[in-house]
Amino acid sequence: MKKPQVAPDMIDKNIYQNNTHKSSKKMTLKKSALSLAAAVGALGFSQVACAELTWGESGSSEQQGKYQVERYQPDGYQPNSQQNTSQQNNAYQSDNGVGSFTAAAIAAERGDVNALYDYEQVMSGGLFAMYPTYWRMNVDLNSQSPAAVSQFVRQYPDTVMAEKLAADFAETKAGSNDYAAVRQVANLITNADDSEKCAVALGFNNGGDTMRAMAAKSDVWLTTKKQPALCDQLALEMNNNALISNPERVSRLKRMLRKGKTGDIMALSSRLGMPIPYASLSDIQLNPSSFFSRFAREPASQTNQYLYLYAMGRVAEKSYREAALQLEFDIKQDNQRSAKLLTDDTRRAAYRTLGVQRMNHNTDDGFNVEAVDWFRNSLDSDFSFEEAEYYAMAAIRFSRWDDVVEAISRMDAETQKANQWQYWLARAYEQSNDGSKRNTAKKMYQNLAKSNEYYGLMAKEKVGQRFDASRLGGSNLPNVSSADRARVMQNPHFARAFALYNADASRAYANREWNWAVKKARDNRDEKLIIAAARQAYDMGWLDRAIYAIDNTDNVNSLAISHPMPHQDAVVRYSQSAGIDPAWAYGIMRQESRFVASARSNVGASGLMQVMPDTAKYIARNLGETYSASRANSGDTNIRYGTWYMGDIFGKLNSQPVLATAGYNAGPNNAKRWQPTYGSLAADQYVESIAFPETRNYVKHVMENATIYSSLLSNGQPITQRMGTVPAAF
């Protein structure tokens, strides 16, 4: 089945914070072998992997480093005795690098360059040799030269830290307008995130290579949503790129007029040969109503058309309702004139402004079909993806199936192929009176049903299929050959990841190394290596990375690893006590924490179920218990609290699992606001129109998870039956 790609940043956006182990700052930085051995011993094991890894066949524990699996065993898992013996007998050479890594990390935190120089010598040739050099160079990255960065990459080729240093350097230099330096390292960056892509494109844009500068255009040119500062800068500078056409400048100008981005407006209009003065924009910003009053008396010009859109945007930001009344009045007056003041293009752009603003107020004001009408009135060939998505969401909400088809047609060809839009196109065709379209819908569902993700699960039921976990191995773990198990620790990327995890080093570093290892194996189409590493991580209890590995393959289906069931006795017992489905509880837990008990979010949610402190206090009161933060965060209590709260909001939200799932993520009040005002709504339509993108995707993932878990728990419930119908709020 089609699965998501490895995240460009190499660290997927987990909700837990990095464990930096501040207590270890008390360690004294020494270079002696004795101090390094002591540091390693303090981490709980005697030997760790090195760059040149081999697996031994025999020998005593004093002679060989044993891979530690004592941390955690998933409930009910009994390792195969032959594999377990093999794992205990497989050993790797000693490398004290993790101890040095920990001490060097402390030196890096305090910016101790001299100490980092020393650690470069101590750690030279080891598995973690690149880290003190990276940290030393990163103390003042702007002072580094492209040659030094290139040397680092040559010294540590194909490592995640080489990639990271080059990318960090490019961002830093782009931020200080040193584009020549950016160009010198651009080819060293192979896995850039959005900001890094923009940094590289800025380098080329300022170096005459206009073709390569256009690589990031589709992501930055028409968006009005918040993006990295370097991407804003790139979009601004692209205005002067010879490959940008005037029609493309007009397209961006209309979005900037809507958004009110003065600098972009002035630059774009000047490049188009009709400069808009800052004074005119400032006057409208202060008093848009005054502009509308005098607009009819102004001379007809394209500049005034643009100023009208700017004024419409400023009013709509304060009140889309007031802006709609103004537009309706102006069009009515204009239609009575022999020579219209508002061009058709201006009218369409103004309606687009209304549609976008209306969709941004769905949570506060409720949904309204007027958004669909405004988007339909804005139809032309110039939709950005976010505008087409808003149009599609509004049309889906109100079952305006012709508009759904229209909205999807405004997306680029590649986007239209995504499962999400193939599903909704099929849903729209399914409602048609045209038999050929209904047949097309059936074929589309059959194709989607090959996937076991949210839309694939929904499509299965449309064609009479049912998800069956046993066809994907059920709870059986994949068999891994001894050769593939050996290859895991012979791979330096995986070896570093496991060593850092075992050493309780910062989770950010362990995850980065792991995700890079998965990427490299994926690039090499070595799924056997990924499976072997995932199985080893699973056996250790490093479940979140095991899940990540399986999710980042195209053809591997191992539900036992991708959908583990730790703490099964507690989850089932507490779910039943709370009157909820254990599969749903697992669906929430997998999405919330990926089974990391120490997970912490940046807003304070914690534990396996990511319970907020105030919510935990509310739960404790209702259970007649004294609140204790440490107890609330512990595995068993956190599960008990989380499942109780799920049951609580389930009861308060019409015993509707989709509503309750949205409420668990965004709060029950928001889930209620998104309910239809009158009548009921198909659950998939409710989910697709949830106003918060994070919550919208969250609910889809939880419903997908819960459907899979219900099959694993031998109580398979189809996803549409699970989701049901969303009732009216009143």
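For the sequence shown, the numbering used here gives the first residue as 1, with consecutive numbering after it. Glycine included, C-beta positions come from ideal geometry on N, C-alpha and C.
Closest option to E513, judged by alpha-carbon separation, among T133, E163, V185: E163.
Pairing N114 with V139, the inter-Cα distance amounts to about 11 Å.
Distance from the CA of M214 to the CA of K417, rounded to the nearest whole angstrom, comes to 23 Å.
Under DSSP, V726 takes part in a beta bridge, and its partners are L681. Residue pairing from DSSP places V611 in a beta bridge opposite S606. Between the stretch 371-386 and the stretch 283-292, the count of C-beta pairs closer than 8 Å stays below three; the two stretches do not touch. Along the stretch 369-435, the alpha helix (DSSP H) occurs as fully enclosed runs of 4 or more residues at 370-377, 385-397, 401-409, 413-416, 419-430, listed in sequence order.
Only buried fits L230, as 16 or more other CB atoms lie within 10 angstroms of its CB. Residue range 160-175 is occupied by the alpha helix (DSSP H) that includes T172. In this structure the stretch 530-540 lies against the stretch 477-488, because at least three pairs of beta carbons, one per stretch, are closer than 8 Å.
At least 7 Å separates the beta-carbon of V315 from that of A324. In the DSSP assignment, N362 falls within the unbroken alpha helix (DSSP H) covering 362-365.
When rounded, the separation of the alpha-carbon atoms in S124 and R136 is 14 Å. Contact annotation: A517 and F498 have beta-carbon atoms that are not nearer than 7 Å. By the criterion of at least three beta-carbon pairs nearer than 8 Å, the stretch 686-700 is not in contact with the stretch 435-447. DSSP, read as helix, strand or coil, puts R438 in helix. Between the stretch 150-157 and the stretch 171-180 there are fewer than three C-beta pairs closer than 8 Å, too few to call the two in contact. Here R594 really is in contact with L543; their C-beta atoms are around 7 Å apart, less than 8 Å.
With contact defined as three or more Cβ pairs closer than 8 Å, the stretch 656-672 and the stretch 334-351 are not in contact. Non-local beta-carbon contacts of Q675 in its own chain, meaning distances under 8 Å to residues more than five positions away in sequence, involve L659, L681, Y686, V726, P727, A728, A729 in chain order. Secondary-structure assignment with DSSP links R297 through no beta bridge to anything. For Q121, the number of other beta carbons within 10 angstroms of its own is below 16, and it is reported as exposed. In the three-state reduction of the DSSP assignment, R600 falls in the strand class. Considering only A242, E298, Y306, V220, the residue with the shortest C-alpha distance to T262 is Y306. With the rule of 3 Cβ pairs closer than 8 Å, the stretch 340-356 does not count as touching the stretch 187-202. Annotation: Q591 to A349 spans about 39 Å, alpha carbon to alpha carbon. Ranked by how close their Cα comes to the Cα of N654, the residues A597, M609, K672 have K672 in first place. Relative to P492, the option among C198, N246, T133, G126 whose CA is nearest is G126.
Under the three-state reduction of DSSP output, S270 falls in the helix class.
If you ignore the 5 residues before and after Y156, its C-beta comes within less than 6 Å of the C-beta of M130, A162, all in its own chain and listed in chain order. Per DSSP, P668 is one residue of the alpha helix (DSSP H) stretching across 668-673. With fewer than 16 other Cβ atoms from the protein chains shown falling within 10 Å of its own Cβ, Q576 counts as exposed.
For G642, the uninterrupted alpha helix (DSSP H) segment begins and ends at 635-652. For T346, the enclosing alpha helix (DSSP H) has its first and last residue at 344-359. Within the same chain, and ignoring the five residues on either side of G679 in sequence, the residues whose Cβ sits closer than 7 Å to its Cβ are A728.
Looking only at E406, H567, M609, V200, the smallest Cα-Cα distance to A174 is reached by V200.
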